[in-house]
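Visitor: Anchor point for the sequence shown: position 158 equals 158 in full-length UniProt numbering, and the numbering is continuous, going up by one each time.
C-beta atoms are modelled at their ideal positions from N, C-alpha and C, and glycine is treated no differently.
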Amino acid sequence: MLVYPSGLDLSTSALRLLGRELATRRRRIGTRWRRLTCGRQALMSLAHLRCGHTFTQLAAGFGVGLATAHHYVTEAVEVLAELAPTLEEAVAVAATKAFVILDGTLPPIDRVAADRPFYSGKHKRHGMNVQVLTDAFGKVIWVSPALPGAVHDIKAARTHGILDALNTASIPCWADKAYQGAGPAVRVPYRGRWDKLFSGQKAVNRAHAKIRAVGEQAMATLKTWRLLRKLRCSTTRITNIVKAVLALQLATSA
1 MLVYPSGLDL
11 STSALRLLGR
21 ELATRRRRIG
31 TRWRRLTCGR
41 QALMSLAHLR
51 CGHTFTQLAA
61 GFGVGLATAH
71 HYVTEAVEVL
81 AELAPTLEEA
91 VAVAATKAFV
101 ILDGTLPPID
111 RVAADRPFYS
121 GKHKRHGMNV
131 QVLTDAFGKV
141 IWVSPALPGA
151 VHDIKAARTH
161 GILDALNTAS
171 IPCWADKAYQ
181 GAGPAVRVPY
191 RGRWDKLFSG
201 QKAVNRAHAK
211 IRAVGEQAMA
221 TLKTWRLLRK
231 LRCSTTRITN
241 IVKAVLALQL
251 ATSA
């Protein structure tokens with residue numbers, strides 16, 4: 001396989017953060033020697049998350065075996081996932097905001113037609129349902145564990161407890177029509193055909209869409225991590241991958 005120098009559109013703060021966390025982990029588990037330093041392992045993992053490079057490509061580029069590349073990246077993803085905010089921490093942050101935006105996204109996965117639990121009828125493709133909470137400026141506050149794509153958004157939000165948390169804390173939240181009946185704190189647009197709505201309802205829906213557009217921008221920011229554009233790994237690893245991306249996103253945007 002040919003190898004060539006390349007660039008990574010991330011700040012050095014992400015590399016330093018992951019390098020420090022890996023060094024701490026190595027000291028904790030008593031690692032004596034590794035094929036790559038913490039910095040090189042961090043760089044390999046960032047290349048995987050940001051650019052979606054396969055383990056075969058990473059192994060060739062960093063001069064290690066395929067199994068070693070897989071182990072190093074998996075370890076780094078687990079370390080980063082532990083840094084992602086919990087639901088309780090996210091709600092505490094959300095309570096300081098004027099309002100928050102809740103929406104679901106569907107990172108696509110590589111599955112065959114027989115895997116119906118992962119097929120989303122809304123998006124017409126296989127994927128994993130991930131709930132995302134953002135603030136009024138489009139900064140991601142929290143991401144949920146991944147559920148099969150066939151799970152409806154409001155069911156996923158209830159399963160993770162985010163709706164109960166928002167309603168209990170009375171945090172104003174904007175969401176789309178999929179969250180109808182989510183509770184008093186969650187504001188959704190009026191339902192019905194556009195030509196059947198009253199002028200006042202149309203005005204409310206327009207204003208509602210403008211607010212939720214900020215949340216859509218946050219989703220687009222997450223998709224700049226190319227690995228999330230097409231996940232070809234086991235579905236059991238996707239929760240950690242999404243949380244790892246959030247941890248890096250928060251670190252680089254601080």
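1. Out of T236, L231, A92, L222, which one is the CA nearest neighbour of D110?
2. Could you tell me if V143 is buried or exposed, where buried requires 16 or more neighbouring beta carbons within 10 angstroms of its beta carbon?
3. Buried or exposed: where does A220 fall if 16 or more other Cβ atoms within 10 Å of its Cβ makes it buried?
4. Closer than 7 Å to a non-hydrogen atom of the ligand HEM - does that hold for the CB of V188?
5. Grab me the residues of Q180's own chain with a C-beta within less than 6 Å of its C-beta, minus the 5 sequence neighbours each way, in chain order.
6. Does DSSP put L246 in a helix, a strand or coil?
7. DSSP state of P145, grouped into three classes?
8. Per DSSP, what kind of secondary structure is G104 in: helix, strand or coil?
9. From V132, K139, A42, pick the residue whose C-alpha is nearest to that of R157; which is it?
10. State the start and end residues of the unbroken alpha helix (DSSP H) segment that holds Q217.
11. Is S45 buried or exposed, if buried means 16 or more other CB atoms sit within 10 Å of its CB?
Guide: Looking at the atomic coordinates:
1. L231
2. buried
3. exposed
4. By its list of ligands, the structure shown contains no ligand whatsoever, and the ligand HEM lies outside what it can speak to.
5. V188
6. helix
7. coil
8. In the structure shown, G104 adopts extended strand secondary structure according to DSSP, grouped into three states.
9. The residue asked about is misnamed: residue 157 is Ala in this sequence, not Arg. Comparing alpha-carbon positions, the option among V132, K139, A42 lying closest to A157 turns out to be V132.
10. Looking at the DSSP string, the run of the alpha helix (DSSP H) that includes Q217 is 199-222.
11. buried
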